[in-house]
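Heads up: the sequence shown runs through residues 172 to 285, numbered per this note's numbering.
C-beta: ideal position from N, C-alpha, C; glycine also.
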Amino acid sequence: MRKLLALSLSLALFAALGGHAAFARTTKTIKVGDDFFVKKGKPSTVTVSRGTRVTFHWARGASLHNVHARKGPVKFRSPFKSGGSFSKVLSKQGTYRIFCDIHSPSMKVTIRVR
(Lines of atoms letter the chains of each structure in order from A; the text may use other names.)
(Lines give C-alpha, C1' and ligand atoms only; values in the text may rest on other atoms or scores of the structure.)
Protein backbone atom coordinates (compact mmCIF):
# COMPACT_ATOMS: atom_id res chain seq x y z
CA MET A 172 0.00 0.00 0.00
CA ARG A 173 2.86 2.43 0.81
CA LYS A 174 4.52 1.78 -2.54
CA LEU A 175 1.27 2.47 -4.36
CA LEU A 176 0.76 5.71 -2.42
CA ALA A 177 4.36 6.83 -3.07
CA LEU A 178 4.02 6.02 -6.77
CA SER A 179 0.72 7.91 -6.98
CA LEU A 180 2.22 10.98 -5.30
CA SER A 181 5.28 10.87 -7.57
CA LEU A 182 3.13 10.65 -10.70
CA ALA A 183 0.89 13.49 -9.50
CA LEU A 184 3.93 15.70 -8.89
CA PHE A 185 5.42 14.75 -12.25
CA ALA A 186 2.15 15.64 -14.03
CA ALA A 187 1.79 18.91 -12.10
CA LEU A 188 5.25 19.98 -13.22
CA GLY A 189 4.40 19.31 -16.87
CA GLY A 190 6.11 15.97 -17.36
CA HIS A 191 9.76 15.33 -18.03
CA ALA A 192 10.37 18.63 -19.85
CA ALA A 193 9.88 20.58 -16.62
CA PHE A 194 12.78 18.76 -15.00
CA ALA A 195 15.13 19.37 -17.95
CA ARG A 196 14.12 22.99 -18.71
CA THR A 197 17.02 25.38 -19.05
CA THR A 198 17.26 29.13 -19.48
CA LYS A 199 19.24 31.08 -22.07
CA THR A 200 19.67 34.83 -21.64
CA ILE A 201 20.04 37.10 -24.65
CA LYS A 202 21.19 40.68 -24.09
CA VAL A 203 19.21 43.47 -25.71
CA GLY A 204 21.43 46.52 -26.12
CA ASP A 205 21.19 49.76 -28.03
CA ASP A 206 20.76 48.50 -31.59
CA PHE A 207 21.98 44.92 -31.07
CA PHE A 208 21.01 41.55 -29.64
CA VAL A 209 23.51 39.16 -27.98
CA LYS A 210 26.67 41.32 -27.93
CA LYS A 211 28.00 43.85 -30.38
CA GLY A 212 30.40 42.15 -32.76
CA LYS A 213 29.32 38.58 -31.82
CA PRO A 214 27.45 36.17 -34.10
CA SER A 215 23.73 36.81 -33.98
CA THR A 216 22.72 33.13 -34.00
CA VAL A 217 21.90 31.28 -30.80
CA THR A 218 21.14 27.54 -30.60
CA VAL A 219 19.05 26.11 -27.76
CA SER A 220 17.28 22.85 -26.95
CA ARG A 221 13.54 22.47 -27.27
CA GLY A 222 11.81 23.60 -24.06
CA THR A 223 14.43 26.23 -23.21
CA ARG A 224 13.18 29.44 -21.61
CA VAL A 225 14.80 32.26 -23.56
CA THR A 226 15.00 35.47 -21.54
CA PHE A 227 15.75 38.71 -23.33
CA HIS A 228 17.37 41.11 -20.87
CA TRP A 229 17.45 44.80 -21.67
CA ALA A 230 20.75 46.47 -20.77
CA ARG A 231 20.47 50.05 -19.68
CA GLY A 232 20.27 52.14 -22.78
CA ALA A 233 18.73 55.21 -24.29
CA SER A 234 16.50 53.54 -26.90
CA LEU A 235 13.28 51.57 -26.71
CA HIS A 236 13.44 48.06 -28.16
CA ASN A 237 11.19 45.06 -28.47
CA VAL A 238 11.51 41.39 -29.39
CA HIS A 239 9.39 40.34 -32.36
CA ALA A 240 9.56 36.79 -33.75
CA ARG A 241 8.21 37.47 -37.22
CA LYS A 242 9.28 34.19 -38.78
CA GLY A 243 9.43 30.76 -37.23
CA PRO A 244 7.31 27.95 -35.80
CA VAL A 245 5.69 30.35 -33.31
CA LYS A 246 5.38 34.10 -33.67
CA PHE A 247 5.49 36.35 -30.60
CA ARG A 248 6.13 39.98 -29.66
CA SER A 249 7.20 41.73 -26.47
CA PRO A 250 6.17 45.23 -25.48
CA PHE A 251 8.59 48.10 -26.17
CA LYS A 252 11.00 48.55 -23.25
CA SER A 253 14.20 50.29 -22.25
CA GLY A 254 14.90 47.97 -19.29
CA GLY A 255 13.74 44.76 -17.64
CA SER A 256 13.25 41.44 -19.37
CA PHE A 257 10.90 39.31 -21.48
CA SER A 258 10.82 35.49 -21.48
CA LYS A 259 9.42 32.91 -23.86
CA VAL A 260 9.63 29.11 -23.64
CA LEU A 261 10.54 27.82 -27.11
CA SER A 262 9.01 24.36 -27.29
CA LYS A 263 8.65 24.03 -31.07
CA GLN A 264 11.70 22.98 -33.05
CA GLY A 265 12.81 25.26 -35.87
CA THR A 266 14.43 28.57 -36.72
CA TYR A 267 13.08 31.79 -35.23
CA ARG A 268 13.97 35.12 -36.87
CA ILE A 269 13.68 37.87 -34.27
CA PHE A 270 13.83 41.62 -34.87
CA CYS A 271 13.36 44.87 -33.01
CA ASP A 272 10.44 46.60 -34.76
CA ILE A 273 12.02 50.05 -34.38
CA HIS A 274 15.54 49.09 -35.54
CA SER A 275 14.74 46.43 -38.13
CA PRO A 276 16.35 45.09 -40.29
CA SER A 277 19.74 45.78 -38.70
CA MET A 278 18.79 44.70 -35.14
CA LYS A 279 18.08 40.99 -35.42
CA VAL A 280 18.93 37.61 -33.93
CA THR A 281 18.30 34.06 -35.12
CA ILE A 282 17.42 31.36 -32.60
CA ARG A 283 17.67 27.72 -33.66
CA VAL A 284 15.67 25.32 -31.53
CA ARG A 285 16.73 21.66 -31.76
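How big is the Cα-Cα spacing for residue 229 and residue 256? Position 58 of the sequence shown holds residue 229. Position 85 of the sequence shown holds residue 256. Approximately 6 Å between the Cα atoms of the pair.
According to the neighbour-count rule (16 or more other Cβ atoms, all chains shown, within 10 Å of its Cβ), is residue 223 buried or exposed? As a first step, residue 223 is located in the sequence shown; it is residue number 52 there, counting from the start. A residue is called buried once 16 or more other Cβ atoms fall within 10 Å of its Cβ, and residue 223 is buried on that count.
Helix, strand or coil at residue 239 [DSSP, three-state]: Residue 239 sits at position 68 when you count from the first residue of the sequence shown. Strand.
Just the Cα atoms here: how many angstroms apart are residue 267 and residue 238? Indexing the sequence shown from 1 puts residue 267 at position 96. Indexing the sequence shown from 1 puts residue 238 at position 67. Within the model, the alpha-carbon separation for residue 267 versus residue 238 is close to 11 Å.
In the structure shown, what three-state DSSP assignment does residue 137 receive? The structure shown does not extend to residue 137, since the chain is modelled only from 172 through 285, so no value can be given for it.
In or out: residue 251 buried (at least 16 other Cβ within 10 Å) or exposed? Residue 251 sits at position 80 when you count from the first residue of the sequence shown. Taking all protein chains shown into account, residue 251 has fewer than 16 neighbouring C-beta atoms within 10 Å of its C-beta and is therefore exposed.
Can you tell me which of 231, 243, 219 and 265 puts its alpha carbon nearest to the alpha carbon of residue 199? Residue 199 sits at position 28 when you count from the first residue of the sequence shown. The shortest C-alpha separation from residue 199 is found at 219.
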